[in-house]
Amino acid sequence: MPALLQERRERVFLVLAGTFLAAMTLLNVIGITRFIQLGPMALAVGVLPYPLTFLCTDLICELYGKARANFLVSVGLGLNFLILAVLFLGDAIPSVPADQMPPWQILQLAAPVALPNGDVVEGSIGLYQLIYATTSGAVFASMLAYIAAQYCDVQLFHFWKRVTRGKYLWVRNNFSTLMSQMVDSVMVISVTFGAAFLRGDIAFKAILVLIGSNYLFKATVALLDTGPFYLAVHYLKRYLQLSEGEYAVPGGAAEATPAG
């Protein structure tokens, strides 16, 4: 039934969009609150779910077309602004008196600490103040990187699809993601730690290590998800009853792939 098929297509899009937005939000919320060591790679913990965003946009590009993919990226950009606005609002509103705060909201520092936003704190610091200092700048940096990388991924995916005349799914999946991941890694690290580098709080070598680790992790995940991407496209095209060159958009509109 057409109505049932359309409902199925919208549900799949909702799952892909929800996964995309959840991974993007996790990046901004946990961001650089902790760095982890994965073999030779030093990574911000917020990077762990981020490669899922590129897998989701590639699946939406393949199944729903460029317009839907760009729409999702635009919604994600709006959510980035919302996260940033809530962070600024939470920092601007006066807090309750110190004697009314729960003990776990106050952290005692053993030595002066230079925060990512440039403040130097000694003695004690509020938990939210610490979270705000480590996430607000990272959210702004991720917004710039997000705009460049995600739109780049969508455009490159369809560019490679045109170049290969709709063949070689692995080419458009990998080459669009690998190139956009490089843009993302360079931008997000440069903007996040640029001010700290200019102040002399972080060495240029450390920034290069972070960029290299960031990209190596994302590129590795991008290459490893080629198999799952093929399986997902194969299964979902059957599940959504898509013919060759057709997109699962309302009204059953189709966009023909150039003949090879």
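So the number in my numbering is just where the residue sits in the sequence shown, counting from 1, plus 104.
All C-beta atoms in this analysis are idealised placements derived from N, C-alpha and C, irrespective of residue type, glycine included.
6 Å CB neighbourhood of residue i in its chain, flanking five on each side removed
| i | result |
| --- | --- |
| L108 | none |
| D288 | A249 and A253 |
| A245 | V292, V295 and T296 |
| T281 | F158 and A326 |
| V217 | V225 |
| M247 | N184 |
| M128 | T157 and G180 |
| V149 | I134, R138 and I140 |
| S199 | none |
| M145 | S317, L320 and F321 |
| L147 | I140, S317 and F321 |
| C256 | S284 and V287 |
Boundaries (first-last residue) of the beta strand (DSSP E) holding residue i
| i | result |
| --- | --- |
| A146 | M145 to A148 |
| G194 | No beta strand (DSSP E) contains G194, which is instead part of the alpha helix (DSSP H) from K170 to A196. |
Boundaries of the alpha helix (DSSP H) in which residue i is found, first to last residue
| i | result |
| --- | --- |
| L211 | Per DSSP, L211 belongs to no alpha helix (DSSP H); it is in the beta strand (DSSP E), I210 to Q212. |
| L335 | T330 to Y343 |
Coil, strand or helix - residue i by DSSP
| i | result |
| --- | --- |
| L135 | Note on identity: in this sequence residue 135 is Gly, with Leu being the wrong assignment. It is coil, neither helix nor strand. |
| V325 | helix |
| V200 | coil |
| P206 | coil |
| R115 | helix |
| M128 | helix |
| I311 | helix |
| G304 | coil |
| T157 | helix |
| T51 | A query on residue 51 cannot be resolved here, the shown segment of the chain reaching from 105 to 364 and no further. |
| M105 | coil |
| L152 | coil |
| L120 | helix |
Beta-bridge pairing of residue i - partner residues as DSSP gives them
| i | result |
| --- | --- |
| Q141 | A146 |
| I229 | L211 |
| V243 | In the DSSP output, where bridge partners are listed per residue, V243 has none listed. |
Contacting residues, own chain, Cβ-Cβ under 8 Å from residue i (five flanking each side not counted)
| i | result |
| --- | --- |
| E359 | For E359, the pLDDT reaches just 49, beneath the cut-off of 50, and the residue's location in the model is therefore unreliable, although a value from the coordinates is still provided. Contacts found: G169, G349, E350 and Y351. |
| G194 | Y232 and Y236 |
| T361 | In this predicted model, T361 has a pLDDT of only 43, less than 50, meaning its place in the structure is not dependable; the value taken from the coordinates is given anyway. K265, R269, G270, E348 and G349. |
| V119 | none |
Below-9 Å beta-carbon distance, residue i vs any chain C residue
| i | result |
| --- | --- |
| A126 | Among the protein chains of the structure shown there is no chain C, as only one such chain exists. |
Close Cβ partners of residue i (< 7 Å) along its chain, the five nearest in sequence each way excluded
| i | result |
| --- | --- |
| I293 | I311, L314, I315 and N318 |
| T330 | W274, N277 and N278 |
| L328 | none |
| Q212 | S228 |
| Q345 | L109 |
| F308 | F301 |
| V353 | Y168, G169 and R172 |
| T123 | L156 and C160 |
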